[in-house]
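For reference, the structure discussed in these notes is given below.
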Amino acid sequence: MAGKNAEEEGSSAEGKSSEWSERLKLHGGDHPGMSLVSVPLDGSNYLSWSQSVRLALGAKQKLGFIDGTCDKPTENKAELEQWQRVDCMVVSWLLNSISKDIAEAFLYTTSAQDLWKELATRFGESNGPCCMTFGNKLALSFKVICPYPPILLSSRNCGTN
Numbered sequence: 000m001a002g003k004n005a006e007e008e009g010s011s012a013e014g015k016s017s018e019w020s021e022r023l024k025l026h027g028g029d030h031p032g033m034s035l036v037s038v039p040l041d042g043s044n045y046l047s048w049s050q051s052v053r054l055a056l057g058a059k060q061k062l063g064f065i066d067g068t069c070d071k072p073t074e075n076k077a078e079l080e081q082w083q084r085v086d087c088m089v090v091s092w093l094l095n096s097i098s099k100d101i102a103e104a105f106l107y108t109t110s111a112q113d114l115w116k117e118l119a120t121r122f123g124e125s126n127g128p129c130c131m132t133f134g135n136k137l138a139l140s141f142k143v144i145c146p147y148p149p150i151l152l153s154s155r156n157c158g159t160n
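Numbering follows numbering that gives the first Met the number 0, with no gaps: position 63 of the sequence shown is 62.
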């Protein structure tokens, strides 16, 4: 029984190791000039943009670099160097997926996760209060332009022959 538990632990460790090494792989089609999404972040489309980026990174097994589940190695120098290469690649992909005027403000972020958090902080807030304010101003403008209440026309014959 004890041998079986040790065997299970060994296969579990191998699974984690292979999962870790898969996250740190870059493939032939991966290059720093690549964009992850077809429509870049322009500031007003953050929610749909972020979902598209998450899907693209998930397909590439690189989602952990923005959500924090792929931790930076601290002990193994070779793993650390490979992690840094992949993290730099993910940062490049994110920057290429943002409109150029916005991307310039984020060029000096230190990691993909930091960049992701900064983008969420800047663009991820709800526009609900802003829309409410705009709607109230619009309603007030209509009251100024048309101070008279609408005239209701007779609806006696509506819908009847």
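Glycine residues also receive a C-beta, built at the ideal position from the N, C-alpha and C atoms. Computed from a prediction, not measured in an experiment: that's the story for all the values here.
Practice task
Indicate the three-state DSSP secondary structure (helix, strand or coil) for L40 in the structure shown.
Solution key: strand
Handout entry: C-alpha distance - W48 paired with S98, whole-angstrom precision
Key = 11 Å
Practice task
Report the rounded CA-to-CA distance for L56 versus N95, giving the unit in angstroms.
Solution key: 14 Å
Handout entry: Opening and closing residue of the alpha helix (DSSP H) in which E117 lies
Key = A111 to F122
Handout entry: Cβ-Cβ distance between E21 and Q60 below 7 Å
Key = yes
Practice task
Enumerate in chain order the residues of its own chain whose CB-to-CB distance from G67 is below 6 Å, with the five nearest sequence positions on each side excluded.
Solution key: Q112
Problem - Buried versus exposed, by CB contacts within 10 Å (16 or more), V143 - result: exposed
Handout entry: Bridge partner(s) assigned by DSSP for I65
Key = Beta-bridge pairing links I65 to no other residue.
Problem - Exposed unless 16 or more other CB atoms sit within 10 angstroms - verdict on V38 - result: exposed
Practice task
Find out if the Cβ-Cβ distance for the pair V85, L23 is shorter than 7 Å.
Solution key: yes
Exercise for the section: Pull up the DSSP beta-bridge partners for I97, would you. Expected result: L40
Practice task
Drop a sphere of 10 angstroms on the beta-carbon of G27, count the other beta-carbons inside from all chains shown, and report buried for 16 or more, exposed for fewer.
Solution key: exposed
Practice task
Enumerate in chain order the residues of its own chain whose CB-to-CB distance from G9 is below 6 Å, with the five nearest sequence positions on each side excluded.
Solution key: Low confidence applies to G9: its pLDDT is 47, below 50, so where it sits in the model is not reliable, and the reading given next is rough at best. Nothing meets the Cβ criterion.
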